[in-house]
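Heads up: the structure comes next, in structure tokens.
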Amino acid sequence: MRRTSVLAAVVGVVLAGGAAVGCDDGGSSSGGGSSSGDSSPTASAGSASPSTGSASPSTGSGSSSGASTSASPSSGASGILPPKKGTGSDADEHRAEAKAAAMLPAPEAIGKALAHTPGKVLSAEIDDNAQDRLIWEFEILAKDGTLQAVDVNPAGGAILSSHQERGESDDLARGKRLLTGGATDAAAAAKAAAAKGTVVSVKLKPENGGHWSVETGPGDRDWSVPLDSVKVSPERHD
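Quick note on numbering: the sequence shown equals residues -19 to -1, 1 to 219 in mature numbering (1 follows the signal peptide of the UniProt record, and there is no 0).
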């Protein structure tokens, strides 16, 4: 009887322990089930949603309008070049000179030069520069008594350069001696000779009491205009 009672007690203890274990497993299982809330669809959708702010492109950095504006050429960089000199025969050169002079007639070119350097023109001539471009070259007896060189672009009338001439004492003395009082000036001589052709040069000469030697093109003819009138006559070459 005693052995039977002991055995029954052991069995009872074992069964009670199994029930307790079953209760613990159920609780932990339900606890684990509650952890499924961390992976709920709502939370998952929130973390997976893209950030529209970070995905949107920056319109400021993507705009190319600034680059195109800075790359646009400056209108002021493009200038008008003087016409090219003639190549080949003398006749070609004379035609090119006359064409250049016609772009800015001598009287107008003289006005441009004197507006820059006031005084009296001693010579005006279409000639080629170091770049083989045809320009108006002037020698001017300036108001301060110096001899000034002025270059004018026949294509537009811009002043290309100017500087004081040195070592031209003869030209300076001639101008001071001959261009006094009401002497015919270079512009008047050029206007008078324009009826004979396109004036390509006007130069003060000392012969015969002084006169203007005027060359017209394209026929390369020389004329003489005295200092006391505007009468034009063929120039004699003695």
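Glycine included, C-beta positions come from ideal geometry on N, C-alpha and C.
When DSSP states are grouped into helix, strand and coil, arginine 76 belongs to the helix group. Leucine 115 is bridged by DSSP to Asp109.
The Cβ atoms of valine 211 and alanine 169 sit closer than 7 angstroms to each other. Residues Ala174, Lys177, Gly178, Thr179, Val180, Val181 and Trp204 of the same chain have their beta carbon placed closer than 7 angstroms to that of threonine 197, with the five preceding and five following residues left out of the count.
For lysine 65, the closest alpha carbon among the candidates Asn110, Gln145 and Ala154 is that of Asn110. In the DSSP annotation of this structure, the continuous segment of the beta strand (DSSP E) that includes isoleucine 140 starts and ends at 140 to 145. Valine 195 is bridged by DSSP to Val183 and Trp204. DSSP places isoleucine 61 outside both helix and strand once states are collapsed to three, so it counts as coil.
Between glutamate 149 and the set Ile121, Gly60 and Pro207, the nearest pair of CA atoms involves Ile121.
DSSP, read as helix, strand or coil, puts alanine 123 in strand.
Per the coordinates, the alpha-carbon of glutamine 145 lies some 17 angstroms from the alpha-carbon of glutamate 106. Look at alanine 154 here: in three-state DSSP terms it is helix.
Within the same chain, Cβ atoms closer than 6 angstroms to the Cβ of isoleucine 61 are found at Ala136 and Gly137, the five residues on either side in sequence being excluded.
Comparing alpha-carbon positions, the option among Ala130, Ser143, Ala171 and Leu185 lying closest to lysine 157 turns out to be Leu185.
The beta carbon of proline 215 is closer than 8 angstroms to those of Arg202, Asp203, Trp204 and Ser205 in its chain, skipping five residues each way along the sequence. Linking leucine 115 to asparagine 134 through their CA atoms gives a straight-line distance of about 8 angstroms.
Secondary-structure assignment with DSSP links aspartate 132 through a beta bridge to Glu118 and Ser142. Under the DSSP assignment, alanine 168 falls in the alpha helix (DSSP H) whose first and last residues are 167 to 174.
DSSP, reduced to helix, strand and coil, places proline 86 outside both helices and strands of the structure shown, so it counts as coil.
In the same chain as arginine 155, and ignoring 5 residues on each side of it, the C-beta atoms closer than 6 angstroms to its own belong to Pro187, in chain order. Here lysine 212 carries a coil assignment [DSSP, helix/strand/coil].
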